[in-house]
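Visitor:
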Amino acid sequence: MSLLLKREKYPYFDITNFENTECLVDAEYYLPDYCPDIQKILKCTADVQIISYSVSDSKLAVQGNLNIIVLYTDEKGEIIRNCELTKEFNANAKLSLNAESMVAYLKALTGHIICRAVSARKLDIHIPVIISYAFCMQKESEIVFDAVNCEKKEAFINTSKAFRIYNKDSSVSQNIELMSSMKPIESIIRKKVEFLNVKAEPTDDGVDISADIEVTVIYRSYSENSLIEKLKYQIPFNEKIELTGCSGDMSVKCNFTKGELSLIPKEDSMGENNVISLYTKFGINLIIYTKENLKYVKDVYSLDYMSKEKYVKHTFKTYDEKETKFTVNSEINTEELEKIIDVWCDEADVISFSEQDKINYRGKFTVNVLYYNKSKKVTYINKTVDFNSVYDKESGKQEKALSFVSVNSVDYKINSDNLLKVNFDITVVSFIESPETEMILSSSETGDEATSNKGFVNIIYSKGDLWQIAKSHRVPVSDILEINGTEREEDIKFPIMLYKK
Numbered sequence: 017m018s019l020l021l022k023r024e025k026y027p028y029f030d031i032t033n034f035e036n037t038e039c040l041v042d043a044e045y046y047l048p049d050y051c052p053d054i055q056k057i058l059k060c061t062a063d064v065q066i067i068s069y070s071v072s073d074s075k076l077a078v079q080g081n082l083n084i085i086v087l088y089t090d091e092k093g094e095i096i097r098n099c100e101l102t103k104e105f106n107a108n109a110k111l112s113l114n115a116e117s118m119v120a121y122l123k124a125l126t127g128h129i130i131c132r133a134v135s136a137r138k139l140d141i142h143i144p145v146i147i148s149y150a151f152c153m154q155k156e157s158e159i160v161f162d163a164v165n166c167e168k169k170e171a172f173i174n175t176s177k178a179f180r181i182y183n184k185d186s187s188v189s190q191n192i193e194l195m196s197s198m199k200p201i202e203s204i205i206r207k208k209v210e211f212l213n214v215k216a217e218p219t220d221d222g223v224d225i226s227a228d229i230e231v232t233v234i235y236r237s238y239s240e241n242s243l244i245e246k247l248k249y250q251i252p253f254n255e256k257i258e259l260t261g262c263s264g265d266m267s268v269k270c271n272f273t274k275g276e277l278s279l280i281p282k283e284d285s286m287g288e289n290n291v292i293s294l295y296t297k298f299g300i301n302l303i304i305y306t307k308e309n310l311k312y313v314k315d316v317y318s319l320d321y322m323s324k325e326k327y328v329k330h331t332f333k334t335y336d337e338k339e340t341k342f343t344v345n346s347e348i349n350t351e352e353l354e355k356i357i358d359v360w361c362d363e364a365d366v367i368s369f370s371e372q373d374k375i376n377y378r379g380k381f382t383v384n385v386l387y388y389n390k391s392k393k394v395t396y397i398n399k400t401v402d403f404n405s406v407y408d409k410e411s412g413k414q415e416k417a418l419s420f421v422s423v424n425s426v427d428y429k430i431n432s433d434n435l436l437k438v439n440f441d442i443t444v445v446s447f448i449e450s451p452e453t454e455m456i457l458s459s460s461e462t463g464d465e466a467t468s469n470k471g472f473v474n475i476i477y478s479k480g481d482l483w484q485i486a487k488s489h490r491v492p493v494s495d496i497l498e499i500n501g502t503e504r505e506e507d508i509k510f511p512i513m514l515y516k517k
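First residue of the sequence shown? That's 17 in our numbering, and the numbers climb one at a time after it.
(1) Return the CA-CA distance between methionine 118 and aspartate 30, expressed in angstroms with no decimal places.
(2) Which residue spans inside the region 372 to 396 form an unbroken beta strand (DSSP E) run of at least 3?
(3) Output the boundary residues of the alpha helix (DSSP H) element that contains glutamine 484.
(4) What residue from Leu418, Asn500, Arg504, Lys324 has the CA that sits closest to serine 488's CA?
(5) With respect to the alpha helix (DSSP H) encompassing serine 478, which residues constitute its N-terminal and C-terminal limits?
(6) Quick check on the DSSP output: the alpha helix (DSSP H) that includes proline 498 runs from which residue to which?
(7) Compute the Euclidean distance between the alpha carbons of serine 382 and methionine 455, then round it to the nearest angstrom.
(8) Taking the alpha carbon of valine 421 as the point to measure from, which residue in Phe440, Asn431, Lys413, Tyr428 has its own alpha carbon closest?
(9) Let me confirm a value: threonine 334 is counted as buried when at least 16 other C-beta atoms fall within 10 Å, else exposed. Which label applies?
(10) Answer with buried or exposed for lysine 75, where buried requires no fewer than 16 other C-beta atoms within 10 angstroms of its C-beta.
(11) Just confirm the distance between the C-beta atoms of glycine 275 and glutamine 65, as a whole number of angstroms; I'd bet it's less than 8 Å.
(12) For aspartate 221, does the three-state DSSP call read helix, strand or coil?
(13) Provide the residue span of the beta strand (DSSP E) that contains glutamine 55, from first to last.
(14) When every heavy atom of the ligand ATP is checked, does at least one fall within less than 7 Å of the C-beta of valine 328?
(15) On the three-state DSSP scale, how would you describe glutamate 94?
(16) On the CB-based measure, 16 or more other CB atoms within 10 Å of its CB, does glycine 80 come out buried or exposed?
(17) Kindly provide the ranges of any beta strand (DSSP E) runs that are 3 or more residues long and lie completely inside the region 265 to 315, ordered along the chain.
(18) Assuming the contact rule is C-beta atoms closer than 8 Å, isoleucine 356 and tyrosine 387 should be a hit. Round their C-beta distance to whole Å, please.
(19) Report yes or no: do three or more beta-carbon pairs, one from the region 257 to 272 and one from the region 211 to 230, lie closer than 8 Å?
(20) Using a Cβ distance threshold of 8 Å, determine whether the region 153 to 162 contacts the region 312 to 319, with at least three qualifying pairs required.
(21) Residue range of the beta strand (DSSP E) that leucine 139 falls in?
(22) Using only the alpha-carbon positions, how far apart do isoleucine 7 and tyrosine 45 sit?
(23) Name the residue from Ser70, Ile130, Leu47, Pro27 whose alpha carbon lies nearest to the alpha carbon of lysine 59.
(24) Hey, quick one: how far does the beta strand (DSSP E) through threonine 334 stretch, first residue to last?
(25) Starting from the C-beta of threonine 37, find all residues in its chain whose C-beta is less than 6 Å away, skip the five residues before and the five after it, and write them out in chain order.
(26) Span of the beta strand (DSSP E) holding lysine 256?
(27) Are the region 246 to 260 and the region 222 to 236 in contact at 8 Å, needing three or more beta carbon pairs?
(28) Closer than 6 Å by C-beta to threonine 89: which residues in its own chain qualify, once you throw out the five before and the five after it? Chain order, please.
(29) Under 6 Å Cβ to Cβ from glutamate 505, same chain only, skipping five residues before and after it: list those, please.
(30) If the criterion is Cβ atoms closer than 8 Å, does the pair asparagine 434 and leucine 353 meet it?
(31) Span of the beta strand (DSSP E) holding arginine 23?
(32) Using DSSP bridges, identify the partner residues of arginine 180.
(33) Could you tell me if arginine 23 is buried or exposed, where buried requires 16 or more neighbouring beta carbons within 10 angstroms of its beta carbon?
(34) Taking C-alpha atoms, which residue in Glu35, Ala136, Lys92, Glu452 lies nearest to aspartate 49?
(35) For the putative contact between glutamate 167 and leucine 20, defined by C-beta atoms under 8 Å, what is the C-beta separation to the nearest angstrom?
(36) Please name the residue in Ser196, Gln414, Glu465, Thr443 whose C-alpha comes closest to that of glutamate 371.
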């Protein structure tokens, strides 16, 4: 005979750590007729744009584009020239997971780029594309939340319950006009899009998404000296995602995944390139959950039958989002620096690992500097910057964190000895999973024949767990408290008296 145990599904999220897969993109490129010959390559940049991804049969398949811009100088060495090309790539990785509902977090970087001028008109380019991927999967387990016709020991635990994982693609297109003080565009030499101030507000019928899409454009102008101009432009983005069952007291983790980016100079009414046609496509990933004080049945026993219980270890999980901001300083030695043209950072990368009382963040990025030297020649230099940060946590749990990093602003100044001092504002946003493992009731089996020991009187002298004493004699805890003249377990004093009514 089995006791009547009532069970319910406990939905939760399971997070994997970031892993990497790599593919190599090779390209041969001949300069168009309108580009001057190459005298010296300054920098080859490659913006990785993830167009789509799929997960099936334990395999991750990523399709994307590499937007490659090569900066170089001609024979005079005084003007930055550039050429641009796009190459498709496919990256694949074998996975050891299986879940119907999941969200993939993808971070795309490039390794060491080899760009050689085979001749004054031909480029040979080799670019390793590194895709970092992690997953948040929605799963469920089963717990006993109530029991009938028996004594039960209930417990409460603070935990998070999964509600929904949601993925969608979105896009923004807009014409951006140059300020009146800026020269018309000849060619774009650097472009970047960032998602700032991302917010996700749950409502009773969905989630309200908002962000500032910041577009950075560095271009060479139509002027005698081909001056370098810089434009920063912010586009407010708002979208309502309707989700049945969502409520305003839920918590939402929102992440934007960069995708396609197109910036094309266009003519205005005067026939000059004073307009930029912007199109950007990106993914929106939502993880929605509730925080609650969950009740479950920890143990049971029958008053009339001998019973045998089984228990299992169960890990309850809580989730939280943590934003950490800090500043990183670096110094770069330049050669006869006369004037800064541009300072920028490649995509930053970060890993996180948990210790007993803290979460450590370690990351790196490359700072790039274009400048004129004393001889008016365009010069390029770069430096890898490493950073470390620590988030002190309250618990000693072995937490897991999915972390994303952005370099929000760059501030620099030049000393008289050509030393460039650069300050970087770093933001790390982590989605933290905290586990709590408990032994919980799995099942209870009773014998077929009822047993009776009613009317007995027993005195217990040795101290012990009151629940276990009551269970071994099949007496309600409430009866033990009543016969011993107290209502609270913490007030019980030994020896105690047992009497089964």
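In this text, a Cβ means the ideal position worked out from N, Cα and C, and glycines have one as well.
Guide: With the structure as the only source:
(1) Mapped onto the sequence shown, residue 118 falls at position 102. Mapped onto the sequence shown, residue 30 falls at position 14. So the two alpha carbons sit approximately 9 Å from each other.
(2) 374 to 389
(3) Position 468 of the sequence shown holds residue 484. It spans 482 to 489 - the alpha helix (DSSP H) in which glutamine 484 sits, taken as one unbroken run.
(4) Residue 488 sits at position 472 when you count from the first residue of the sequence shown. It is Lys324 whose Cα lies nearest to the Cα of serine 488.
(5) Residue 478 sits at position 462 when you count from the first residue of the sequence shown. Per DSSP, serine 478 belongs to no alpha helix (DSSP H) and is neither H nor E.
(6) Residue mapping note: residue 498 aligns to position 482 of the sequence shown, counting from 1. Here residue 498 is glutamate; the residue named in the question, proline, does not match the sequence. Per DSSP, glutamate 498 belongs to the alpha helix (DSSP H) from 493 to 499.
(7) By 1-based counting over the sequence shown, the position of residue 382 is 366. By 1-based counting over the sequence shown, the position of residue 455 is 439. In the sequence as presented, serine is not what sits at residue 382; that position holds threonine. One C-alpha to the other measures close to 48 Å.
(8) Here residue 421 refers to the residue found at position 405 when the sequence shown is read from its first residue. Of the candidates Phe440, Asn431, Lys413, Tyr428, the one whose C-alpha sits nearest the C-alpha of valine 421 is Phe440.
(9) Taking the sequence shown and counting its residues from 1, one reaches residue 334 at position 318. So threonine 334 ends up on the buried side.
(10) Position 59 of the sequence shown, counting from 1, holds the residue named residue 75. Classification of lysine 75: exposed, given that the 10 Å Cβ count is below 16.
(11) The count along the sequence shown starts at 1 and reaches residue 275 at position 259. The count along the sequence shown starts at 1 and reaches residue 65 at position 49. Yes, glycine 275 and glutamine 65 are in contact; Cβ-Cβ is about 6 Å, under 8 Å.
(12) One-based indexing of the sequence shown puts residue 221 at position 205. Aspartate 221: coil per DSSP, three-state reduction.
(13) Here residue 55 refers to the residue found at position 39 when the sequence shown is read from its first residue. Counting along the chain, glutamine 55 falls outside any beta strand (DSSP E), and DSSP gives it neither H nor E.
(14) Inclusion of the ligand ATP in the displayed structure is not the case, the ligand content being empty and no account of it being possible.
(15) Within the sequence shown, numbered from 1, the residue matching residue 94 stands at position 78. Three-state result, glutamate 94: coil.
(16) Your numbering for residue 80 matches position 64 in the sequence shown. Classification for glycine 80: buried.
(17) 267 to 282
(18) By 1-based counting over the sequence shown, the position of residue 356 is 340. By 1-based counting over the sequence shown, the position of residue 387 is 371. With a Cβ gap of about 5 Å, isoleucine 356 and tyrosine 387 count as contacting.
(19) yes
(20) yes
(21) The sequence position of residue 139 within the sequence shown is 123, counting from 1. Where leucine 139 is concerned, the enclosing beta strand (DSSP E) stretches over 138 to 164.
(22) Nothing can be reported for residue 7: it is not among the residues displayed for the chain, which extend from 17 to 517.
(23) Mapped onto the sequence shown, residue 59 falls at position 43. Among Ser70, Ile130, Leu47, Pro27, the Cα nearest to that of lysine 59 belongs to Ile130.
(24) If you number the sequence shown from 1, residue 334 lands on position 318. Residues 323 to 349.
(25) As a position in the sequence shown, residue 37 is number 21, starting the count at 1. These residues qualify, in order along the chain: Ala107, Ala109, Ile147.
(26) Locating residue 256 in the sequence shown gives position 240, where the first residue counts as 1. Unbroken beta strand (DSSP E) run through lysine 256: 244 to 258.
(27) yes
(28) In the sequence shown, the residue the question calls residue 89 occupies position 73. Excluding residues within five positions, the ones whose Cβ falls inside 6 Å are Gln55, Lys56, Val394.
(29) The residue you call residue 505 lines up with position 489 of the sequence shown. The answer, listed in chain order, is Leu482.
(30) To locate residue 434, count along the sequence shown from 1; it is residue 418. To locate residue 353, count along the sequence shown from 1; it is residue 337. Against a cut-off of 8 Å, the Cβ pair of leucine 353 and asparagine 434 comes out as a contact.
(31) Locating residue 23 in the sequence shown gives position 7, where the first residue counts as 1. Here the beta strand (DSSP E) through arginine 23 covers 20 to 31.
(32) Here residue 180 refers to the residue found at position 164 of the sequence shown. Paired residues: Ile304.
(33) For the purposes of this step, residue 23 is taken as the residue at position 7 of the sequence shown. Burial call: exposed.
(34) Start at 1 with the first residue of the sequence shown, and residue 49 comes out as number 33. For aspartate 49, the nearest C-alpha among the options comes from Ala136.
(35) Within the sequence shown, numbered from 1, the residue matching residue 167 stands at position 151. Within the sequence shown, numbered from 1, the residue matching residue 20 stands at position 4. Not really, about 13 Å apart at Cβ, beyond 8 Å.
(36) If you number the sequence shown from 1, residue 371 lands on position 355. If we check each option's Cα against that of glutamate 371, Gln414 comes out closest.
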